[in-house]
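Numbering (my numbering), first residue to last: 713 to 1066. Down below is the structure, laid out as structure tokens.
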């Protein structure tokens, strides 16, 4: 009996072996390398190229990517953290405290290495003034306006007395008119650095340069130009009018273009989401000679700069008053997130200027 049972089992096993041997070879189609799914974080920080440790930096950029298993970018967030008055905040927070002293008459700041600020009507407390504007109207009808002009990076102020004709066109408010006054330099490294304000005497805020269109291509000043009236400008800032007179209002503020640093980083996220991180390995196209030629043998950008190269990598002038997706320090942070995801190695990371 046992012998018969044993023979039956052998027969069954032999039959299974024949069936298995006759099965077609399985073809497995892989959707892509596994292991990318999840959140990945990368950093770049101030002073990194000079040897500053991350924990000692006063500012850093954090990139947070959410990838699927194929490394498609599902979400992207970039934050510029900086220490201000002993606490950490993000540069793109957009918050500001603004007050206006209507008794002050704005006076001119000096230019160049002997820079001194002029007298300003505005007290502004904010992390960064890129693309900033503010306006206020006193009960007596006096209006105060300030705009941070992106090419010079100076804060220009206009004080309009009671009875001012708000039908006046902006092309009449030239720098030489004395009505538009540069009072404060908000940051260095400006694209436009006149030796004297006289060089801009016949220009108004919206035609300093061919690139001045960044103020008016989009955002609150979209469509504003030299033929626009001062009323048009103030209404774009949120001021209401009663007949020909502006209605009194406490300070209102905002950001031109696509919205200052918040707009910058939102633009980077929009640029990245939906693309694949294995093909978008940098925010800067380093194959462009003037960028790639400025990367030294330690993979640091913009330090040992040869003739014809550059210290910055950004597409700011035709995008916004500030950059969008070609910022070298932001690219470093992004690449480090790809290192965290296993797409790049640390040796692939190019240290941008911070």
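All residues carry an ideal CB built from backbone N, CA and C; glycine is no exception.
In this structure, residue 938 sits near residue 918, with a CB-CB distance shorter than 8 angstroms. Distance check between residue 929 and each of 863, 911, 968 places 968 closest, using alpha-carbon atoms only. Inter-residue distance for residue 862 and residue 1044 is about 25 angstroms (C-alpha atoms, whole angstroms). Taken through DSSP and simplified to helix, strand or coil, residue 884 comes out as helix.
Checking the DSSP bridge columns, you'll see residue 752 partnered with 777. Per DSSP, reduced to three states, the secondary structure at residue 837 is strand. For residue 915, the CB contacts under 8 angstroms within the same chain, skipping 5 residues up- and downstream, are 886, 887 in chain order. Per DSSP, residue 1047 is one residue of the alpha helix (DSSP H) stretching across 1040 to 1053. DSSP places residue 947 in the helix class (H, G or I) of the three-state scheme. Residue 867 sits away from residue 822, with the two beta carbons spaced by 8 angstroms or more. Between residue 966 and residue 804, the gap from beta carbon to beta carbon reaches 8 angstroms or more. Around the beta-carbon of residue 976, 16 or more other beta-carbon atoms lie within 10 Å, marking it buried. Non-local beta-carbon contacts of residue 879 in its own chain, meaning distances under 6 angstroms to residues more than five positions away in sequence, involve 941 in chain order. Taking a cut-off of 8 angstroms on C-beta distances, the stretch 991 to 1008 does not touch the stretch 844 to 862, as fewer than three cross pairs fall below it. Annotation for residue 868: the continuous beta strand (DSSP E) segment containing it runs 866 to 872.
DSSP places residue 1061 in the coil class of the three-state scheme, outside both helix and strand. DSSP, read as helix, strand or coil, puts residue 889 in helix. For the set 860, 837, 865, 870, the Cα lying nearest the Cα of residue 816 is the one of 870. The Cβ atoms of residue 912 and residue 920 sit closer than 8 angstroms to each other. C-alpha of residue 1049 to C-alpha of residue 1064: approximately 15 angstroms in a straight line. Residue 859 has 845, 868 as its beta-bridge partners, per DSSP.
Under the 10 Å beta carbon count, residue 876 is surrounded by 16 or more other beta carbons and is classified as buried. Distance check between residue 768 and each of 925, 1066, 784, 758 places 758 closest, using alpha-carbon atoms only. Taking every protein chain shown into account, the CB of residue 765 has fewer than 16 other CB atoms within 10 angstroms, so this residue is exposed. The Cβ atoms of residue 772 and residue 793 sit closer than 8 angstroms to each other. The continuous beta strand (DSSP E) containing residue 785 extends over residues 785 to 796. The DSSP-derived three-state label of residue 923 is helix.
Taking a C-beta distance under 8 angstroms as the contact criterion, residue 790 and residue 857 do not qualify as a contact pair. Its chain contains 770 as the residues whose beta carbon lies nearer than 6 angstroms to that of residue 795, once the 5 sequence neighbours on both sides are disregarded; these appear in chain order. For residue 975, the enclosing alpha helix (DSSP H) stretches over residues 972 to 984. In the same chain as residue 811, and ignoring 5 residues on each side of it, the C-beta atoms closer than 6 angstroms to its own belong to 835, in chain order. Closest in alpha carbon position to residue 799, among 824, 825, 839, 956, is 839.
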